[in-house]
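A.B. asks: Next up is a structure, given as structure tokens.
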Amino acid sequence: MQDTKYILEKTEDGSISFINTEFNESYHSIIGAYKEALHKHVLACKIEELTLNRVKDPSNREPIKILDVCFGLGYNSGVAMEKIWEINPDQEIEIIGLESDLGIIQKISELEISENYENVHKILTSLSKDVHKSEQDQEFLEFKDKNINIKVLIDDARNSVKSLAKNYFDAVFFDPFSPKSCPVLWTEEFIKDVVSSAKAGAYISTYSSSRLAKDGFKNAACELFEGPKLNRRNGGVLARKN
Ligand SMILES: C[S@@+](CC[C@H](N)C(=O)[O-])C[C@H]1O[C@@H](n2cnc3c(N)ncnc32)[C@H](O)[C@@H]1O
1073 MQDTKYILEK
1083 TEDGSISFIN
1093 TEFNESYHSI
1103 IGAYKEALHK
1113 HVLACKIEEL
1123 TLNRVKDPSN
1133 REPIKILDVC
1143 FGLGYNSGVA
1153 MEKIWEINPD
1163 QEIEIIGLES
1173 DLGIIQKISE
1183 LEISENYENV
1193 HKILTSLSKD
1203 VHKSEQDQEF
1213 LEFKDKNINI
1223 KVLIDDARNS
1233 VKSLAKNYFD
1243 AVFFDPFSPK
1253 SCPVLWTEEF
1263 IKDVVSSAKA
1273 GAYISTYSSS
1283 RLAKDGFKNA
1293 ACELFEGPKL
1303 NRRNGGVLAR
1313 KN
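All you need for the numbering used here is the position in the sequence shown, starting with 1, plus 1072.
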């Protein structure tokens, strides 16, 4: 049967994304799925600085811990892994992803990828096929290897966010569909739950400059910055937990 929920879309940097016909929205900006992940999330959240700080302080053996809200095709986590390991291939990384739709994660294996992304693409493809069920009957995906531990909780993020540890993550990629098509993930309550899982000083990246995004993160006691503009008039809200 033909899959009509996801329509493949090649973005301007050559990376593959999809359009979701139920939300009537693209998973990424047309300027590039990879480019968006790199600039709006990975560089905005200062992932490279976090890695360099660990290199400068070898007594800090902690993994870099990332929360990927709305994991989708996994580009934000994938580019973070790529950039961290370019600096230090031995750096341990722990990622928790929140995603309600297993179907989009299973599209990862269909992505055409560039050479630099090959290693992380293999990891994400293995992850996408490794479906488990918890004792509470909760579906999740898991991939573990020497320097990487990824777990994606398959559920409405409004539920799964409640199970996360508080003050835990070094960085948060916040990437729901737009406030217009997915308002339930831009409420103050959900944003507060997400922020409570981040460490003080952690950055939380978004692509949205909407009033909902600004008010949500301000009311969750974050300091607000403007993220990279790329092709837009305004950059998205980049929040830092106080
Ligand atoms: C903009 S896309 C994320 C793109 C993704 N970060 C990537 O790199 O491919 C938004 C994602 O939110 C997911 N989503 C929509 N409603 C959700 C919900 N209530 N809970 C969890 N995920 C949800 C969609 O399935 C979609 O994968």
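We treat Cβ as the ideally placed atom computed from N, Cα and C, and that holds for glycine.
1) Go ahead and pull the three-state DSSP assignment for D1228.
2) In angstroms with no decimal places, state the Cα-to-Cα distance between N1231 and I1136.
3) Kindly identify the DSSP beta-bridge partner or partners of V1098.
4) Comparing alpha-carbon positions, which option in F1245, V1233, T1076 lies nearest K1264?
5) Can you list, in chain order, the residues of its chain with a C-beta nearer than 8 angstroms to that of A1237? Leave out the 5 residues immediately preceding and following it.
6) Can you look up R1312 in the DSSP assignment and give me helix, strand or coil?
7) Residues in the same chain with beta-carbon distance under 8 angstroms from F1241, minus the five sequence neighbours each way, listed in chain order, please.
8) Looking at V1141 and F1245, is the spacing between their C-beta atoms short of 8 angstroms?
9) With a 10 Å radius around its C-beta and 16 neighbouring C-beta atoms as the bar for buried, classify D1247 as buried or exposed.
10) Going by the beta-carbon positions, is the gap between F1249 and F1090 smaller than 8 angstroms?
11) In the DSSP assignment, find the unbroken alpha helix (DSSP H) run with L1139 in it and report its ends.
12) Here's the rule I'm using: 16 or more other beta-carbon atoms within 10 Å means buried, otherwise exposed. How should V1127 be labelled?
13) Grab me the residues of S1281's own chain with a C-beta within less than 7 angstroms of its C-beta, minus the 5 sequence neighbours each way, in chain order.
C.D. replies: In this structure, then:
1) DSSP places D1228 in coil when its eight states are reduced to three.
2) 24 angstroms
3) According to the sequence displayed, residue 1098 carries Ser and not Val. Its beta-bridge partners are I1091.
4) Nearest of F1245, V1233, T1076 to K1264, Cα basis: V1233.
5) S1269
6) strand
7) K1137, I1138, L1139, I1168, S1269, A1270, K1271, A1274
8) Taking C-beta atoms as the reference points, F1245 and V1141 count as a pair closer than 8 angstroms.
9) buried
10) no
11) Per DSSP, L1139 lies in no alpha helix (DSSP H); the unbroken beta strand (DSSP E) holding it starts and ends at 1136–1141.
12) Taking all protein chains shown into account, V1127 has fewer than 16 neighbouring C-beta atoms within 10 Å of its C-beta and is therefore exposed.
13) N1306, G1307, G1308, V1309
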